[in-house]
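Those protein sequence lines, which keep their order, are chains E and A. Those letters in the first sequence? Residues 0 to 222, by numbering that gives the first Met the number 0. Those letters in the second sequence? Residues 0 to 222, by numbering that gives the first Met the number 0. Using N, Cα and C, we set each Cβ at its ideal position, and we do this for glycine too. All figures in this text were calculated on a predicted structure; none of them were measured in a lab. To keep things clear, I will list the structure first and then write my remarks on it.
Protein chains: 2
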Amino acid sequence: MKYSASKENYIKAIFHLQQADESVATNALADALQTKPASVTDMLKKLKTQKLLQYEKYRGVKLTPEGKKLAVQIIRKHRLWELFLVEKLQFGWEEVHEIAEELEHISSKKLIDRLDAFLDFPKADPHGDPIPDINGKMPALQQSAVSEMPVNSSGTVNGISDQSADMLELLKHKSIQLGTRLEIKKKFEVDGSVEIKIRNQQPVNISEHVAKNLLVAYDNKGK
Amino acid sequence: MKYSASKENYIKAIFHLQQADESVATNALADALQTKPASVTDMLKKLKTQKLLQYEKYRGVKLTPEGKKLAVQIIRKHRLWELFLVEKLQFGWEEVHEIAEELEHISSKKLIDRLDAFLDFPKADPHGDPIPDINGKMPALQQSAVSEMPVNSSGTVNGISDQSADMLELLKHKSIQLGTRLEIKKKFEVDGSVEIKIRNQQPVNISEHVAKNLLVAYDNKGK
DNA sequence: ATATATTTTTAGATTTGCCTAAATTTTAAT
DNA sequence: ATTAAAATTTAGGCAAATCTAAAAATATAT
């Protein structure tokens, strides 16, 4: 079955908003999709008749297994295209999302499976998010503290264990935030500090404490 | 300016139908676009207000310079994507058209220019049709007789000078037709005959006469 | 030159996806 | 347990792109 780009965007948004198995509110969806709640209600009725979701009025919405399957396919396309853009066409990792929003609606399944092979069956996109495989299986997010990463590896900041104001201030000062892509340059055994490099900036040093609390999603190749 | 996929398809169809500078008939367009003449009339009125074409009712339609520019951009995208699919993703040259019909509507100009560079600024698509460059300049179609082509080069059958029934019968027998992709394997000086290979078939020999009359569009790399 | 056939346009609907404004339901607060 | 606030849905419309059926213009044939 083939769905419009608009419908696919609804399915994707619900998937992302749907933590665990709670249902998603109309307003939350309207917000995520930059549209009006009334439009969301309209669309939910249509998607319900297509059995992509469970919807009872005033009760919010949940994806059916079929809806989830579709969502995962779209996410697979999105993340593969993002990686293609960064890895093969030299785009910056911050400029690819918008383009992938369009590319993810190209329908050919064969295309996406070939692209997957061309990229060597990658496990994560440029932001460190996992890429579902050909069967829709989503690999666990590969996350670890900066202190655990090998020299010369790279990844994307994805979480901070110590959320104290002091820590956040320090990170802000070093212009590190969620989504910041960094590379491990050198590790000092003496004090456990780590030298990291952010994009075009000069390498900076972070203490063992910071390195242990800064969580990074790392790329990973191979099947 | 950004146009809908539907509008882009109209512009492209008019461009292809518009020989020299004659105007294109409503019915011809409806035919090419697999739609009804009434729908074409509706759309032509819209495209006229956008100054992409000259249209007087009952008088047919012509692209304005602006319309032509848009058409060339779309064709550039289409052909680059086709080549990408064949060259990088191992698609057969006959299965790429349909997918490229979707990909050609992805809007990012930067994407297409990067793709162009990634493919090494190719001059022709897998069917031998010329690819407009970044400025919209369309290289002349690189066409020559099989007899003139170097050994190991390849191309796509694109015309036949001698259109006699006998010639056509012979070509049909060897399953050569417009669009057939072939490779020059060996040339025999003695009699001017040429050994060619078609896709997955065994190599076949064609006489000097045939080789001189079989016109092929050949691929070409580099700026 | 006039009738007939063909092409093209108009008129009026339909579907998709969105909107605003008003009504309804649910939730939260006292 | 009411009432006020917030969330959600309904009702009625709009624009894009299509359609069918009917009308109008152009082309063709004798």
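**Y9 of chain E vs L32 of chain E beta-carbon contact at 8 angstroms** = In this structure, L32 of chain E lies closer than 8 angstroms to Y9 of chain E by Cβ.
**Asked** In chain E, what lies closer than 9 angstroms to Q89 of chain A by C-beta?
**Response** The contacting residues are R113, A116, F117.
**Prompt:** If you measure from the beta carbon of I74 of chain E to each beta carbon in chain A, is any gap under 8 angstroms?
**Reply:** no
**Request:** Give, in chain order, every unbroken run of the alpha helix (DSSP H) that is at least 4 residues long and sits entirely within the stretch 49-120 of chain E.
**Result:** 64-86, 95-102, 108-117
**Request:** Starting from I10 of chain A, follow the alpha helix (DSSP H) in both directions and report where the run begins and ends.
**Result:** 4-16
**Request:** Please decide whether L82 of chain E counts as near chain A, where near means a Cβ-Cβ distance under 8 angstroms.
**Result:** no
**Message:** Measuring alpha carbon to alpha carbon, tell me which residue in E:S106, E:G135, E:S107 is nearest F120 of chain E.
**Reply:** E:G135
**Message:** Counting only C-beta atoms, is S3 of chain A closer than 8 angstroms to chain E at any point?
**Reply:** no
**Message:** Output needed for L118 of chain A: all residues of its chain with C-beta closer than 7 angstroms, excluding positions within five of it in sequence on either side, in chain order.
**Reply:** Once the five neighbours on either side are set aside, the close Cβ partners of L118 of chain A are L79, L82, F83, E86.
**Prompt:** Which residues, taken in chain order from the stretch 98-111 of chain E, show a beta carbon closer than 9 angstroms to some beta carbon of chain A?
**Reply:** I98, E101, L102, H104, I105, S106, S107, K109, L110
**Message:** Alpha carbons only, please: which of A:Q49, A:E168, A:P64, A:K44 is nearest the one belonging to E55 of chain A?
**Reply:** Nearest of A:Q49, A:E168, A:P64, A:K44 to E55 of chain A, Cα basis: A:K44.
**Prompt:** Exposed or buried, A37 of chain A, counting other C-beta atoms within 10 Å across all chains shown (16 or more means buried)?
**Reply:** exposed
**Request:** Could you spell out the range, first to last residue, of the beta strand (DSSP E) harbouring E182 of chain A?
**Result:** 180-186
**Request:** Leaving aside the five residues before and after A27 of chain A along the sequence, list all residues of the same chain whose C-beta is less than 7 angstroms from its C-beta, in chain order.
**Result:** L16
**Asked** When DSSP labels each residue in this structure, what does E194 of chain E get in the three-state scheme?
**Response** strand
**Message:** I'd like to know if the stretch 17-24 of chain A and the stretch 58-68 of chain A are in contact, where contact means that at least 3 CB-CB pairs between them fall below 8 angstroms.
**Reply:** In this structure the stretch 17-24 of chain A lies against the stretch 58-68 of chain A, because at least three pairs of beta carbons, one per stretch, are closer than 8 angstroms.
**Prompt:** Using the C-alpha atoms, what's the distance from R180 of chain E back to A144 of chain E?
**Reply:** Between A144 of chain E and R180 of chain E, the C-alpha separation is close to 14 angstroms.
**Message:** What does DSSP give as the partner residue(s) for I133 of chain E in the beta ladder?
**Reply:** Under DSSP, I133 of chain E takes part in no beta bridge, so it has no partner.
**Message:** Please classify L199 of chain A as buried or exposed, where buried requires at least 16 other C-beta atoms within 10 Å of its C-beta.
**Reply:** The sequence shown places Asn at residue 199 of chain A, rather than the Leu named in the question. Counting Cβ neighbours within 10 Å, N199 of chain A comes out exposed, since fewer than 16 surround it.
**Request:** Identify whether S38 of chain E lies in helix, strand or coil by the three-state DSSP scheme.
**Result:** helix
**Message:** Taking the alpha carbon of T155 of chain E as the reference point, which residue from E:I98, E:D124, E:D190, E:E207 has its own alpha carbon closest?
**Reply:** Considering only alpha carbons, the answer is E:D124.
**Prompt:** Can you name, in chain order, every residue of its own chain whose Cβ lies under 7 angstroms from the Cβ of E188 of chain E, other than the five neighbours on each side?
**Reply:** Correct list: empty, nothing qualifies.
**Request:** Check each candidate in A:E147, A:K171, A:M166, A:Q72 and name the one with the smallest Cα separation from P129 of chain A.
**Result:** A:Q72
**Message:** Closest to H77 of chain E by C-alpha separation, out of E:D112, E:K1, E:A216, E:Q89, would be which residue?
**Reply:** E:D112
**Request:** Could you tell me whether the Cβ atoms of P149 of chain A and I183 of chain A are closer together than 8 angstroms?
**Result:** yes
**Boundaries (first-last residue) of the alpha helix (DSSP H) holding A164 of chain E** = 164-172
**Prompt:** When the Cα atoms are used, what is the spatial distance from E93 of chain E to A12 of chain E?
**Reply:** 20 angstroms
**Message:** In the DSSP output, what is S153 of chain A paired with across the bridge?
**Reply:** As a beta-bridge residue in DSSP terms, S153 of chain A pairs with A:E182.
**Request:** With 8 angstroms as the threshold, decide whether the Cβ of Q162 of chain A is near any Cβ in chain E.
**Result:** no
**Message:** Tell me which residues share the same chain as S160 of chain E and place their Cβ nearer than 6 angstroms to its Cβ, disregarding the 5 neighbours each side in the sequence.
**Reply:** Cβ neighbours of S160 of chain E within its own chain (closer than 6 angstroms, five residues either side excluded): N212.
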